[in-house]
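**Q**
There are 2 protein chains.
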Amino acid sequence: MMECQRRLRALEIDTYFQLLGVAKGKVKADLYLHGATVINVYTGELQAANVAVKGRHIAYVGPSDAMVGPDTEVVDLTGRYLCPGYIEPHCHPFQVYNPESLARYVLRHGTTTLVNDNMGLYMLIDEAKFLRLMDEMGNWPVKMLWSARLDPQTHAEEFAPFFAPDRIRRLLDHPLVVQAGELTGWPQLLGGDRQMAENLLYALRIGKRVEGHLPGASLETLSMLAAGGITAEHEAITAEEALRRLRIGLWTTLRYSSLRPDLPQIVKGLADYRGNTSRLMMTTDGSTPAFLQDGYTDAMLRVAIEAGMDPVTAYQLVTINPATYYGLDGEIGGIAPGRLADVLVLEDLDRPTPAAVLAEGRWAARGGQLLVSWAGIGWEAAGLGKLQENWRASESDFSMEAKLPVLRLENPVITRLQTDARTEHSPAAPTLSDGVLHAALFARDGSAIVEAKIVGMADRLDALASSYTAAKGILVIGQHPAAMARAVNQVLEIGGGIVMVEDQEILFELEMPILGGMSTQDMEHLIERAQTFEKLLRERGHAHYDPIYTLLFLSSTHLPEVRLTPEGVLHVKSREILRNRKLLNRNRKD
Amino acid sequence: MMECQRRLRALEIDTYFQLLGVAKGKVKADLYLHGATVINVYTGELQAANVAVKGRHIAYVGPSDAMVGPDTEVVDLTGRYLCPGYIEPHCHPFQVYNPESLARYVLRHGTTTLVNDNMGLYMLIDEAKFLRLMDEMGNWPVKMLWSARLDPQTHAEEFAPFFAPDRIRRLLDHPLVVQAGELTGWPQLLGGDRQMAENLLYALRIGKRVEGHLPGASLETLSMLAAGGITAEHEAITAEEALRRLRIGLWTTLRYSSLRPDLPQIVKGLADYRGNTSRLMMTTDGSTPAFLQDGYTDAMLRVAIEAGMDPVTAYQLVTINPATYYGLDGEIGGIAPGRLADVLVLEDLDRPTPAAVLAEGRWAARGGQLLVSWAGIGWEAAGLGKLQENWRASESDFSMEAKLPVLRLENPVITRLQTDARTEHSPAAPTLSDGVLHAALFARDGSAIVEAKIVGMADRLDALASSYTAAKGILVIGQHPAAMARAVNQVLEIGGGIVMVEDQEILFELEMPILGGMSTQDMEHLIERAQTFEKLLRERGHAHYDPIYTLLFLSSTHLPEVRLTPEGVLHVKSREILRNRKLLNRNRKD
């Protein structure tokens with residue numbers, strides 16, 4: 001459930017009766033949108049109708065103008081289309097940008113509701129602080145709803161307390177939390193993890209949804225998780241995979257993200273599908289900044305329509321369908337009496353970037369410019385400031401041994417073990433020559449280092465360091481120990497971020513002063529920085545795309561095959577540590 | 001939310017993991033339905049698939065037979081279709097039959113979930129008893145869910161305590177209550193009834209739905225109620241009315257009931273509609289027994305299909321659509337892993353009466369015969385026994401005055417004022433000649449009588465008395481005071497029911513020993529009795545249909561135009577009492 005103060009159901013009774021009065025034409029509307037064609041997502045029809053707004057809500061949709069009074073703002077929208085505000089049902093709001101910079105950006109692009117993954121903030125701060133931040137974001141013009149993780153998506157005992165049943169229940173009970181998951185830890189669930197099962201069943205018991213995470217899953221695996229209570233899934237990369245999910249009762253979310261921009265081929269694959277589309281949704285998932293240069297949900301809609309999806313169906317996938325999935329269809333997701341007045345003015349049916357955005361009855365953006373402002377989060381005051389680490393790395397921290405496990409980067413996020421280090425500890429491991437890089441993860445406090453080698457990342461790279469990692473530590477990849485120490489130390493100096501060093505010079509720097517994981521800059525700046533970063537890496541032989549995800553996920557244990565975790569180099573499936581961490585006994589700078 | 005013990009979410013953890021194991025093929029299924037075609041209501045496709053059941057739940061739907069073990073019951077269903085159990089989203093379970101006789105009947109016809117109106121029982125007993133009965137019914141193989149009224153649907157102060165906010169909140173909080181309404185008292189809401197508004201908003205606040213009741217409503221009225229939080233409506237009698245509701249965001253329930261069998265013309269009117277059907281549902285509403293001779297939801301489906309509705313769409317309207325509306329689509333409404341194993345075996349796609357019914361994993365009916373039994377309600381022990389009234393009527397109770405308001409029965413339930421009694425008290429009122437009948441409502445305790453005349457009911461009728469009335473009193477209609485007293489007294493003698501008297505003989509008698517409003521007989525018996533009753537009335541010149549509703553609604557104030565209420569003859573719209581009740585100072589039989 002959405003926070004109550006925003007909802008019809010929480011209206012002061014006199015305000016409620018005023019709203020009814022506008023529908024009747026006896027009370028005057030605040031705003032009257034005249035002459036447009038409404039995209040009726042309930043029926044799928046295009047409907048000539050005027051829309052009357054009172055306060056935060058739509059009061060009336062139809063031919064009458066009885067509610068127009070001398071103080072009503074009447075806007076002539078002849079020739080335009082009206083669409084409900086877009087809903088992103090599966091958002092990761094911490095992908096270099098932060099929830100605030102993301103919200104400001106997406107609102108201009110027509111997205112008025114985000115259902116956010118809590119991972120990326122939840123495990124960085126204490127419980128009270130997280131709940132307080134959630135409440136604070138709950139007052140923004142973009143509705144910030146949440147999905148609560150049931151597992152840490154990395155292999156580290158330190159995170160266990162975050163998923164204790166009492167703590168998870170308090171989180172799930174929160175009215176802004178509408179879902180549990182995404183469930184990256186499903187193998188543990190299937191392995192019999194009772195605490196995870198109980199947390200999951202608690203979410204269902206109180207009427208909330210559970211999002212899965214099942215890339216490449218067989219019908220048997222999907223069936224197990226559907227039997228286990230998963231209600232939606234967003235990892236299909238083909239039409240066949242999407243239909244496999246739909247057919248076993250999962251709400252199925254088609255994805256167009258920086259990491260998996262599969263939407264066009266899924267849409268093309270569904271061209272002959274004539275069945276029910278009301279249980280399909282669409283997501284940008286956790287797209288990194290460079291990918292967002294053309295917009296957000298609006299850019300995704302454009303891609304879907306260009307790939308052949310019927311435009312009205314496409315709009316349904318990002319409005320009424322997710323609203324219904326979350327049980328919020330009485331509040332959002334359609335242009336009808338009683339709904340929050342989240343309305344987009346479109347210039348044409350196939351042009352999803354809105355000319356103007358109405359958010360809860362107020363004009364929030366026009367021509368791509370934001371018209372509303374709101375109190376930002378005082379990140380530093382909230383204890384979410386720069387990293388304050390006094391340790392510094394040195395060349396000698398790196399063993400640079402020959403016998404390290406070798407990871408081969410197959411795509412931005414999948415690694416394979418180059419040789420079977422479990423049995424022979426890479427006797428034939430390459431030395432650090434062209435294309436072979438050293439990779440290390442420092443514990444955030446500098447007390448330990450985990451080392452491996454990596455191929456498939458770049459032909460040559462002096463050093464790339466990042467505090468943007470799933471496991472909170474500082475990751476560094478490169479070929480020159482001195483440069484690697486320099487890059488790590490520069491990340492520590494600026495209080496967190498991504499740094500490239502070449503020829504002992506700082507080649508690239510992106511500050512991430514929110515706990516080393518998020519920038520405070522606006523989205524336009526981040527798009528430019530991320531594009532520059534990608535270009536510099538490409539020039540050094542990086543053959544993949546979306547390298548920011550590579551940095552994030554090298555320490556994340558929800559993907560195959562080998563990961564750098566705080567405890568050592570982990571073989572994910574066997575859960576075997578291939579190489580233990582090395583403790584560092586350093587003289588602190590202080 | 002459905003009662004927790006039935007739901008996946010409330011499974012004991014070991015049972016939960018067993019269910020997952022069946023999906024994987026590692027644990028053996030209890031039941032394996034082989035070779036049928038599944039009606040996949042999620043996609044709308046027909047799908048060749050086997051279905052594996054463990055305990056109460058479906059574990060797997062697909063090609064694998066890995067979960068078939070030596071103790072698995074394997075049923076070959078080649079050539080058959082499997083459909084999810086039907087859901088009746090808007091049921092009145094007290095229409096001469098009682099919830100138990102209705103449940104036994106509908107289960108044989110494939111309906112495995114009823115969402116029941118509480119009116120008809122709620123106001124007859126105390127709160128604790130009602131809640132206890134609801135819990136008791138919650139254990140039946142047919143899931144008995146509830147919709148809680150917010151108004152009494154009649155005009156009497158005595159019912160006000162039943163709708164006090166604290167009492168309504170306790171009721172709405174109950175996990176078996178999934179909805180508020182139907183809201184027959186919407187005119188009071190629009191008139192500014194703050195208590196009703198607060199009760200309604202409470203339902204929305206805790207995530208429950210609100211059913212409207214808006215026959216013939218204009219777009220303005222519908223808009224007011226949609227703005228006011230109504231989520232569904234079932235009173236459309238034409239395709240145009242149905243679309244008007246759908247377009248303003250109301251879930252729209254198409255009706256095929258004894259009183260309003262409009263479904264065929266609605267379906268025909270929707271023939272050209274190509275829009276979204278996922279927000280349409282179907283209901284039998286409160287059909288009286290005679291109408292149920294061909295079945296229940298299954299009979300309605302047959303009518304819809306014969307009128308041209310695509311069969312798969314028709315099945316969706318009574319399965320996944322209502323399940324989704326009530327937020328129960330993870331539990332019921334589809335054949336998929338994790339759902340309760342409510343599965344119907346159909347002989348063909350256009351033959352909705354099931355050859356066999358599986359209810360929560362057990363064979364509940366086959367060939368129309370019930371295979372399961374359950375502890376019935378001890379009505380008498382629950383304090384819901386026969387009427388125990390010691391008073392008796394006498395000829396002299398009836399004034400038989402000329403100057404009484406005259407009601408003209410326009411159809412089974414609509415009355416008009418024959419002359420404007422508000423100004424002239426029927427100076428030209430007809431005497432009791434052919435076609436003019438006396439109508440009186442006794443207070444249940446015999447302490448008062450309310451009198452009127454009625455035309456359009458029958459050409460000649462000595463006496464017809466009924467304790468089956470919305471206002472709890474004893475209604476009597478007829479032309480001969482002695483016969484009328486006899487009929488009333490026979491109703492009292494048998495402890496409640498419907499009695500016709502002719503030539504001082506009992507012509508017809510239907511006992512209703514549950515508080516004078518419900519029979520304890522099974523449905524087949526009631527169908528026969530109701531048909532006999534209708535035939536006898538027709539022979540006496542009754543020109544309408546469904547006369548049981550006439551008896552029920554003559555004292556119900558949610559319909560136009562004039563009603564017999566405990567306080568007098570009421571003009572509904574003006575709320576003016578046209579004729580006051582007369583107090584009766586009788587010598588009690590005791």
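Listed in order, the protein sequences are those of chains A and B.
Residue numbers for the first sequence follow the working numbering, beginning at 1 and rising by one.
Residue numbers for the second sequence follow the working numbering, beginning at 1 and rising by one.
The beta carbon of each residue, even a glycine, is placed where N, CA and C say it ideally should be.
Every value quoted in this text rests on a predicted model; they were computed, and no experiment measured them.
Rounded to the nearest angstrom, how far is the Cβ of Pro289(B) from that of Ala471(B), given a contact under 8 angstroms?
**A** So it is not a contact: roughly 22 angstroms between Cβ atoms.
**Q** Counting only the same chain and skipping the five closest in sequence on each side, list residues whose C-beta sits under 6 angstroms from that of Leu301(A).
**A** Hits under 6 angstroms: Ala314 and Pro352.
**Q** Looking at Gly275(A) and Tyr42(A), is the spacing between their C-beta atoms short of 7 angstroms?
**A** Taking 7 angstroms as the Cβ cut-off, Tyr42(A) and Gly275(A) do not qualify as a contacting pair.
**Q** For the segment 13 to 26 of chain A, enumerate the residues whose C-beta is nearer than 7 angstroms to any C-beta of chain B, in chain order.
**A** Residues Ile13, Tyr16, Phe17, Leu19, Leu20, Ala23, Lys24 and Gly25.
**Q** How many Å lie between Arg339(A) and His57(A) at the Cα?
**A** So the alpha carbons of these two residues sit roughly 6 angstroms apart.
**Q** Quick one: is Met224(A) near chain B, going by C-beta distance under 7 angstroms?
**A** Chain B contact via Cβ: present.
**Q** Rounded to whole angstroms, how far is the Cβ of Ala452(B) from the Cβ of Leu384(B), which I believe are closer than 8 angstroms?
**A** Actually they are not in contact, since the Cβ atoms of Ala452(B) and Leu384(B) sit about 30 angstroms apart, beyond 8 angstroms.
**Q** Leaving out five residues before and five after His542(B) in sequence, what residues of the same chain have Cβ atoms less than 7 angstroms from its Cβ?
**A** Met457 and Ala458, listed in sequence order.
**Q** Starting from the beta carbon of Pro337(B), find every residue of chain A whose beta carbon is closer than 9 angstroms, and list them in chain order.
**A** The answer, in chain order, is Leu222, Ser223, Met224, Leu225, Ala226, Ala227, Gly228, Ile248 and Gly249.
**Q** Just checking: is the beta-carbon of Ser426(B) within a distance shorter than 7 angstroms of some beta-carbon in chain A?
**A** Only weak support is given to the placement of Ser426(B): the predicted model assigns it a pLDDT of 46, under 50, and the question is left unresolved by the model.
**Q** Which residues in the same chain have their Cβ closer than 6 angstroms to the Cβ of Arg366(A), if we skip the five residues on either side of it in sequence?
**A** Hits under 6 angstroms: Ala356.
**Q** Out of Ile454(B), Gly55(B) and Lys403(B), point me to the one whose CA is closest to Ala29(B)'s CA.
**A** Minimum Cα distance to Ala29(B) is reached at Gly55(B).
**Q** What would DSSP say about Trp186(A), mapped onto helix, strand or coil?
**A** If DSSP states are grouped into helix, strand and coil, Trp186(A) belongs with the helices.
**Q** Quick one: which chain A residues come within Cβ less than 7 angstroms of Leu219(B)?
**A** Chain A residues near Leu219(B): Gly62.
**Q** Starting from the N-terminal side, write out each stretch of the alpha helix (DSSP H) that is 4 residues or longer and does not extend beyond the segment 248 to 317 of chain B.
**A** Whole alpha helix (DSSP H) segments, 4+ residues: 263 to 269, 297 to 306 and 311 to 317.
**Q** Mind checking the segment 30 to 45 of chain B against chain A and listing, in chain order, the residues whose C-beta falls within less than 7 angstroms of any C-beta there?
**A** Cβ contacts with chain A: Asn40, Tyr42, Thr43, Gly44 and Glu45.
**Q** Between Ile377(B), Gly516(B) and Ala393(B), which lies nearest to Lys129(B) when the distance is taken from Cα to Cα?
**A** Selected option, being the one with the closest Cα: Ile377(B).
**Q** I want to see whether chain A comes within less than 7 angstroms of Gly330(B), judged by CB atoms only; does it?
**A** Output row for Gly330(B): interface = yes.
**Q** Note down, in chain order, every chain A residue with its Cβ under 9 angstroms from the Cβ of Glu233(B).
**A** Chain A residues near Glu233(B): none, gap ~13 angstroms exceeds 9 angstroms.
**Q** In whole angstroms, what separates the C-alpha of Ile237(B) from that of Thr284(B)?
**A** If I take the Cα positions, the gap works out to 13 angstroms.
**Q** Over the uninterrupted alpha helix (DSSP H) stretch that includes Lys129(A), give me the two end residues.
**A** Run containing Lys129(A): Glu127 to Met137, per the alpha helix (DSSP H) assignment.
**Q** Taking Cβ positions, are Pro311(A) and Ile87(A) nearer each other than 7 angstroms?
**A** Contact: no.
**Q** Does any heavy atom of the ligand MG sit closer than 6 angstroms to the C-beta of Cys91(B)?
**A** For the structure depicted, the ligand MG is absent and the ligand set is empty, with no information on it obtainable.
**Q** Taking Leu526(A) as the reference, give the member of Ile498(A), Asn585(A) and Arg540(A) with the closest Cα.
**A** Ranking the options by Cα distance to Leu526(A), first place goes to Ile498(A).
**Q** Taking the C-alpha atoms as reference points, what is the distance between Asp350(A) and Ile305(A)?
**A** Near 7 angstroms, if we compare the C-alpha coordinates of Ile305(A) and Asp350(A).
**Q** Below 8 angstroms on the Cβ atoms is my guess for Arg552(A) versus Ala439(A); work out the distance and round it to an integer in Å.
**A** Contrary to the premise, residue 552(A) reads as Leu rather than Arg in this sequence. Incorrect: roughly 14 angstroms between the Cβ atoms, too far for contact.
**Q** CB-CB under 7 angstroms to Lys589(B), same chain, minus the five flanking residues each way: which ones, in chain order?
**A** The predicted position of Lys589(B) is uncertain, since its pLDDT is 49 and thus under 50; a value taken from the coordinates is nonetheless stated next. For Lys589(B), where only same-chain residues beyond five positions count, the Cβ hits under 7 angstroms are Asn390, Trp391 and Arg392.
**Q** Does Ala59(B) come within less than 7 angstroms of chain A when only Cβ atoms are used?
**A** With 7 angstroms as the cut-off, Ala59(B) counts as an interface residue toward chain A.
**Q** What are the residues in the segment 300 to 324 of chain A lying within 8 angstroms of chain C by C-beta distance?
**A** Although the question refers to chain C, the structure presented lacks it and instead comprises the protein chains A and B.
**Q** If you run the structure through DSSP and keep just helix, strand and coil, what is Arg581(A)?
**A** In the structure shown, Arg581(A) sits in coil (DSSP, three-state: anything other than H, G, I, E or B).
**Q** What are the start and end residues of the alpha helix (DSSP H) that includes Pro84(A)?
**A** From DSSP, Pro84(A) is part of no alpha helix (DSSP H) but of the beta strand (DSSP E) over Tyr81 to Pro84.
**Q** Less than 7 angstroms between CB atoms is the rule here; does Gly334(A) satisfy it with respect to chain B?
**A** True, the Cβ-Cβ gap to chain B drops below 7 angstroms.
**Q** Can you give me the C-alpha to C-alpha distance between Arg581(A) and Asp546(A), rounded to a whole angstrom?
**A** Their backbone Cα atoms lie some 28 angstroms apart in a straight line.
**Q** Between the alpha carbons of Leu570(A) and Val562(A), how many angstroms are there, rounded?
**A** Using only the alpha carbons, I get a separation of about 6 angstroms.
**Q** Can you find the residues in the same chain that come closer than 7 angstroms, C-beta to C-beta, to Leu584(A), ignoring five residues on each side of it along the sequence?
**A** Hits under 7 angstroms: Asp397, Gly446, Ser447, Ala448 and Ile449.
**Q** Would a C-beta distance cut-off of 7 angstroms place Ala591(B) and Ala203(B) closer than the cut-off?
**A** Absent from the structure is residue 591(B), since the part of chain B shown begins at 1 and ends at 590.
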